[in-house]
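Residue numbers (full-length UniProt numbering), protein chains in the order written: chain G, 1 to 107; chain U, 1 to 107.
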DNA sequence: CATATTCATAACCGAAGAGTTATTGAATTA
DNA sequence: TAATTCAATAACTCTTCGGTTATGAATATG
């Protein structure tokens, strides 16, 4: 439902993009050039990925002269953690035995 | 990198599919028909989504007569939790001040 | 000032993916 | 046995998306 949540899941779905984000989690600020050097795709491709990550809130950019420094915004992952905990919560709060019993009686 | 991890992220990226998984986390076993009734898409579409979720390990199926019961496998989410913790770990273990200092000295 | 570098954007291409309808096979039910 | 229901698969369409090359705008450098 949530638009922001959707952007987050979508942004993390692509392996190349996830790898870029992982690199930014390991080392702090990195330029587009540095990221391109290790991404295995062209510079425009990297720029596009960074755009998607930015719209999802996963990275922030700091233009400096002719280069742009990107860094990871770890806080952006919290909706992911929240969602996981919510799913676990649903799971655990089910009265499985009772439900299953009623279901079998219903058949 | 990890193939299983990739399947997981990909499976959760689509909103319709994520909604199906969420429903299965709330209520236990549900048939394809029950899921279709609330999915907002056709039965074949739901079956395809369930196939993707199953390949990602997120659901298991139990054929019974002419209907198939699906249920969520919550354990399948653990790689997601692991990944998130790993990212946080990378982040926290960085010597940010030192790195930034060296980086500025390098320029 | 002229040249080179860095990044973003535009324009395009091919593959993948999410949806549809039609169909089939298997299992109930009348 | 005949008719019906349930779910999976096939075949197809249309859009999205990840990649490319080409270009442009801004900044740095000789």
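Note that the Cβ used here is the ideal one computed from N, Cα and C, for glycine as well.
Can you list, in chain order, the residues of its chain with a C-beta nearer than 7 Å to that of residue i? Leave out the 5 residues immediately preceding and following it.
| i | result |
| --- | --- |
| residue 93 of chain U | none |
| residue 86 of chain G | none |
| residue 7 of chain G | 55 and 56 |
| residue 28 of chain U | 71 |
Per DSSP, residue i forms a beta bridge with which residues?
| i | result |
| --- | --- |
| residue 61 of chain U | U/70 |
| residue 113 of chain U | Given a span of 1 to 107 for chain U in the structure shown, any question on residue 113 of chain U remains unanswerable. |
Can you list, in chain order, the residues of its chain with a C-beta nearer than 8 Å to that of residue i? Leave out the 5 residues immediately preceding and following it.
| i | result |
| --- | --- |
| residue 37 of chain U | none |
| residue 23 of chain U | 30, 35 and 38 |
| residue 42 of chain U | 36 |
| residue 74 of chain G | 25 |
| residue 32 of chain U | 43, 46, 47, 50, 67, 68 and 70 |
| residue 20 of chain U | 35, 39, 46, 49, 50 and 53 |
Between the C-alpha atoms of residue i and residue j, what's the straight-line distance to the nearest angstrom?
| i | j | result |
| --- | --- | --- |
| residue 18 of chain G | residue 52 of chain U | 20 Å |
| residue 45 of chain U | residue 68 of chain U | 15 Å |
| residue 65 of chain U | residue 58 of chain U | 23 Å |
| residue 104 of chain G | residue 60 of chain U | Bear in mind that a pLDDT of 48 at residue 104 of chain G, under 50, signals an unreliable position, so the number given afterwards is only what the model happens to contain. The alpha-carbon atoms of residue 104 of chain G and residue 60 of chain U are separated by roughly 19 Å. |
| residue 40 of chain G | residue 2 of chain U | 17 Å |
| residue 84 of chain G | residue 88 of chain U | 16 Å |
| residue 82 of chain U | residue 76 of chain G | 16 Å |
| residue 90 of chain U | residue 62 of chain U | 40 Å |
Skipping 5 residues on each side, what residues in its chain have a beta carbon closer than 6 Å to that of residue i?
| i | result |
| --- | --- |
| residue 5 of chain G | 79 |
| residue 107 of chain G | Below a pLDDT of 50, predicted positions are generally treated as unreliable, and residue 107 of chain G, at 45, falls in that range; no measurement from the model is reported. |
Would you please state the rounded distance, in angstroms, between the beta carbons of residue i and residue j? I believe it to be under 8 Å.
| i | j | result |
| --- | --- | --- |
| residue 10 of chain G | residue 13 of chain U | 5 Å |
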